[in-house]
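Novice: Just passing along the structure, written as structure tokens.
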Amino acid sequence: MIREDIRKIVRNAAEKKFGNIGEPVFTVEVPENSEHGDYSTNIAMALARTIKKNPLEIAALLTESLKAEKLFSSVAAAPPGFINFRLNEVNLLSEIQKKLKNKKAFGKTNVGKGKTVLVEYFQLNIAKRPHVGHLRSAVIGDALKRVLLLSGYKAVSDTHVGDWGTQFGILLLGFKEAGMSVKDKKVLADPFGVLEELYIKENEKIEADSDRREKAKLEFAKLEKGDRENRKIWKWMVDISMKNLETSAHHLGLLKFDEHKGESSYEKDMPGIVALAFTKRVAIKKDGAAIVDLSDEKLDEAVLVKSDGASTYLLRDLATIQYREKKKYFKNLYVVDVRQQHHFRQVHFVAASLGFNFEGESRLVEFGAMTLPEGKMSTRKGNIISLESLLKEAGERALKVIKEKNPELKNMGSVAGAVGLGAIKYFDLSRNRKSDIVFRWEDALAFEGNTGPYLQYTHARLKSILRKAKKTVKLPKNIPVLSDLEHEILSRILSFEEAIEDSLASYAPNILANYLHSLAQNVNEFYHSHPVLNEPDEGKKAVRLMLVESSTTALKQGLWCLGIVAPEEM
RNA sequence: CCCCCUGUAGCUCAACGGAUAGAGCAGCGCUCUUCUAAGGCGUUGAUAGGGGUUCGAUUCCUCUCGGGGGGACCA
């Protein structure tokens, strides 16, 4: 990566000039304003205190020795003490040319070679249909997995399905009382509709009657103890839900999950953990329950086992950590809603007290809530937007636009699907994952401006040029003078890997999304101001074709990382 | 009561402690005899308030005032 190279060059130059400078904290970055060059560093300002000189003076001194580097065509000091670099164009073009030899591997690095990272996301609940609230975890997790893969990591994705817990007591109670059976034709015709209705009704009853809650909990306790009938019904619910999960994941275009280890799969490990918690005096008994007092951490009480003997979510998560610890993953990433932070802190402390290695190797990749303009989504309010209806609407709107703009297009249906999905995913991924998102149809399904379709469209236009150009032209021996815009675009394409690196470093897909949008803006400006096919100068034409080809490649690969398909035409 | 997040343009969002705080939408004015106008160009417009740390603060600390979330033997 160029940025790394520049870092080393700058550091060496500083050491040569000023002797032992220790390990100064400084950055090499792409300046916001392209007039400041392709890269810049603040090392002079960082060194100012230790070597007691004016930053600008230091920058000027370093600039002198850096000018000899053949990587740069110019190096300049600028107030208050930046050093700005402009890349040598001959070098720039040949680097890009190298990258185009293997387009599928564009942006690929081996920084994660030999390391396996577990990513947990799209944690659906059994017997509930996925809705837009589940979207964030899915698309962020999927994007992380893709970026990890491109960076040379091995990635293991797991849905960690919510297939255990009191909710099944609630469902079982209602199911059995209504005299339903897993063989009923009525039930089989629309299992999710039946279960959802059941769940809502049953919750209402429980609200009104607290004895009923005890009954429901008893059903779950029975299930956990192995009651045959309850197990049978539960198994059926899990089976149909898993099928539904696969369908949703497929419709969302997610990479295949490596594991679907539901909470129930840790059932056998739970008693051991409880025993360990008592032996280590981490847990105490209280009213027949096993609890951990975390009031010193201001985290209240953590419950491992309830008074009725049933396990909790917390215990299941501890078992999950124990299991994953044995796998020796390089990192465990949990892509979860920020609202679960309290719970995860509890897990964190209990795990640490039990001697599990949680800290350092596991971390939350938390994201903000998705709400509706009128407030929170909830099943009870009945204002849930299902994932399927969102995807359907997206596809329909996209198709309408295509019919209007490009009625001749072949395979309209699949392009519409890609565009609709692209809009939805980009809407989510272009935002800082920690921010809350207000879901508005007109925003989530916008096709103009800073949107997924804008990037897809940019890609499709460039592709069109390449199709018409037919053969690629070889670069001439004498490289023509590039315009500032051409230079900037080529330089940005070369920093693709850095966008990936930065995006991964903070698990923030929006960094990559911003990079792509900015690239697309430059490319669109280029598109309208720099003719390619009609350019009479063969040398310029060749460079422009290369620019188009490399931009296309970068956009396509970047979109892939976001889980967005880039159609050839749209 | 305790904990966490958050306050940037009319709206929705960006900005590793750096240079003139960027986009998109909405508004206004241009732009399809040229490679896809889902585009391009121009224009109006913002860091809630007070202290502090720093050569430099939207960013870090602190207080005030707003907004949101969490703290169930739910998940």
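Sequential numbering from 28 applies to the first sequence in the numbering used here.
Think of the CB as a built atom: it goes at the ideal place given N, C-alpha and C, for glycine as much as any other residue.
All figures in this text were calculated on a predicted structure; none of them were measured in a lab.
1) Need the endpoints of the beta strand (DSSP E) that A105 sits in, please.
2) What did DSSP end up calling D285 once you bin it into helix, strand or coil?
3) Inspect the beta-carbon positions of A496 and L456 and report whether they are closer than 9 angstroms.
4) Within the chosen definition, does the stretch 40–55 reach the stretch 64–74 through at least 3 CB pairs nearer than 8 angstroms?
5) State the beta-bridge partners of D320 as determined by DSSP.
6) Whose C-beta lies closer than 7 angstroms to the C-beta of V52 among residues of the same chain, with five residues either side of it excluded?
7) Per DSSP, which one or two residues make a beta bridge with F112?
8) Give the secondary structure of Y534 by DSSP, where H, G and I count as helix, E and B as strand, and everything else as coil.
9) Return the chain-ordered ranges of every beta strand (DSSP E) run that is complete within the stretch 32–91 and spans a minimum of 3 residues.
10) Mind checking which residues open and close the alpha helix (DSSP H) that includes L482?
11) Hey, L589 and L531 are a contact pair by Cβ (cut 8 angstroms); roughly how many whole angstroms apart?
12) Let me know if I527 comes out buried or exposed under the rule of 16 or more other beta-carbons within 10 Å of its beta-carbon.
13) Just list the alpha helix (DSSP H) runs in the stretch 244–286, keeping only unbroken ones of 4 residues or longer that don't cross its boundaries, in chain order.
14) Look at L114 and I36 and say whether their C-beta atoms are less than 9 angstroms apart.
15) Count Cβ pairs between the stretch 386–406 and the stretch 257–274 that sit closer than 8 angstroms; are there 3 or more?
16) By the 10 Å Cβ neighbour count, where 16 or more other Cβ atoms means buried, how is A302 classified, buried or exposed?
17) Count the other CB atoms within 10 Å of the CB of R467; is the residue buried (16 or more) or exposed (fewer)?
18) Leaving out five residues on either side along the sequence, give the residues of the same chain with a beta carbon under 8 angstroms from the beta carbon of V144.
19) Which residues does DSSP pair with E393 in a beta bridge?
20) Roughly how many angstroms separate the alpha carbons of S24 and P157, rounded to a whole number?
21) Tell me which residue opens and which closes the beta strand (DSSP E) that D185 is part of.
22) Mapping DSSP to helix, strand and coil, what is N158?
23) Does the stretch 165–172 touch the stretch 271–282, meaning 3 or more C-beta pairs lie closer than 8 angstroms?
24) Look at the Cβ atom of H486, then the Cβ atom of L586, and state whether they are nearer than 9 angstroms.
25) Buried or exposed: which applies to H187, given that a residue is buried once 16 or more other Cβ atoms fall within 10 Å of its Cβ?
26) Out of curiosity, what's the CA-to-CA distance linking L250 and E56?
27) Can you say whether G206 is buried or exposed, counting buried as having 16 or more other CB atoms within 10 angstroms of its CB?
28) Name the two residues that bound the continuous beta strand (DSSP E) containing L145.
29) What separation, rounded to the nearest whole angstrom, lies between the Cα atoms of A154 and T579?
30) Are the beta-carbon atoms of G196 and A243 separated by less than 9 angstroms?
31) Would A535 and L582 be called neighbours here (beta carbons separated by less than 9 angstroms)?
32) Measure the C-alpha to C-alpha separation of E116 and S101 and round it to an integer number of angstroms.
33) In this structure, does DSSP put N152 in helix, strand or coil?
34) Distance check for N111 and Y554, CA to CA, integer angstroms please.
35) Considering K461, what are the terminal residues of the alpha helix (DSSP H) in which it resides?
36) Under a Cβ-count criterion, where at least 16 other Cβ atoms within 10 Å of its own Cβ denotes burial, should R343 be classed as buried or exposed?
Specialist: So, to answer that:
1) Position 78 of the first sequence, counting from 1, holds the residue named residue 105. Segment 99–105, the beta strand (DSSP E) holding A105.
2) In the first sequence, residue 285 corresponds to position 258, counting from 1. Reduced to three states, the DSSP call for D285 is coil.
3) Working through the first sequence from its first residue, we reach residue 496 at position 469. Working through the first sequence from its first residue, we reach residue 456 at position 429. No, the pair does not count as a contact, with Cβ atoms beyond the cut-off.
4) yes
5) Counting from 1 along the first sequence, the entry for residue 320 is found at position 293. Bridge partners of D320: E328.
6) As a first step, residue 52 is located in the first sequence; it is residue number 25 there, counting from the start. Closer than 7 angstroms at Cβ, skipping near neighbours: A73.
7) Taking the first residue of the first sequence as position 1, residue 112 is located at position 85. F112 pairs with Y66, V102.
8) Within the first sequence, residue 534 is the residue found at index 507, counting from 1. If DSSP states are grouped into helix, strand and coil, Y534 belongs with coil.
9) 66–68
10) Taking the first residue of the first sequence as 1, we reach residue 482 at position 455. Note, L482: alpha helix (DSSP H), 479–496.
11) Residue 589 sits at position 562 when you count from the first residue of the first sequence. Residue 531 sits at position 504 when you count from the first residue of the first sequence. The Cβ separation is near 13 angstroms, so there is no contact.
12) If you number the first sequence from 1, residue 527 lands on position 500. With 16 or more Cβ atoms within 10 Å of its Cβ, I527 is classed as buried.
13) 255–278
14) Counting from 1 along the first sequence, the entry for residue 114 is found at position 87. Counting from 1 along the first sequence, the entry for residue 36 is found at position 9. Result no, Cβ atoms of L114 and I36 do not sit closer than 9 angstroms.
15) no
16) Translated into positions along the first sequence, residue 302 becomes position 275. It is exposed - the Cβ of A302 has fewer than 16 other Cβ atoms within 10 Å.
17) For the purposes of this step, residue 467 is taken as residue 440 along the first sequence, with counting starting at 1. Flag for R467 reads exposed.
18) Looking up residue 144 in the first sequence gives position 117. So the list reads L175, Y180, K181, A182, V183, Y356, F357, K358, N359, L360, once near-sequence residues are dropped.
19) Position 366 of the first sequence, counting from 1, holds the residue named residue 393. Partner(s): V363.
20) For the chain, the structure presents residues 28 to 597; residue 24 sits outside this window and is missing.
21) As a working mapping, residue 185 is identified with position 158 in the first sequence. Residues 181–185.
22) Counted from its first residue, the first sequence places residue 158 at position 131. The sequence as given places His at residue 158; Asn does not occur at that position. H158: strand per DSSP, three-state reduction.
23) yes
24) Within the first sequence, the letter at position 459 stands for residue 486. Within the first sequence, the letter at position 559 stands for residue 586. Yes.
25) Taking the first residue of the first sequence as position 1, residue 187 is located at position 160. Classification for H187: buried.
26) As a working mapping, residue 250 is identified with position 223 in the first sequence. As a working mapping, residue 56 is identified with position 29 in the first sequence. If you take the alpha carbons of L250 and E56, they lie about 57 angstroms apart.
27) On the first sequence, residue 206 is found 179 positions in, with the first residue counted as 1. Under this definition G206 is an exposed residue.
28) By one-based count along the first sequence, residue 145 stands at place 118. Start and end: 143–147.
29) As a working mapping, residue 154 is identified with position 127 in the first sequence. As a working mapping, residue 579 is identified with position 552 in the first sequence. The alpha-carbon atoms of A154 and T579 are separated by roughly 42 angstroms.
30) On the first sequence, position 169 is the one that residue 196 refers to. On the first sequence, position 216 is the one that residue 243 refers to. In contact: G196 and A243 (Cβ atoms closer than 9 angstroms).
31) Taking the first residue of the first sequence as 1, we reach residue 535 at position 508. Taking the first residue of the first sequence as 1, we reach residue 582 at position 555. The answer is no: Cβ separation not under 9 angstroms.
32) The residue given as residue 116 occupies position 89 in the first sequence. The residue given as residue 101 occupies position 74 in the first sequence. Rounded to the nearest angstrom, the two C-alpha atoms are 11 angstroms apart.
33) As a position in the first sequence, residue 152 is number 125, starting the count at 1. The answer is strand: DSSP assigns N152 an E or B state.
34) Walking along the first sequence from the start, residue 554 turns up at place 527. Walking along the first sequence from the start, residue 111 turns up at place 84. When rounded, the distance between both Cα atoms is 28 angstroms.
35) By 1-based counting over the first sequence, the position of residue 461 is 434. Neither: K461 is in no alpha helix (DSSP H) and is coded neither H nor E.
36) In the first sequence, counting from the first residue as 1, residue 343 sits at position 316. So R343 counts as buried.
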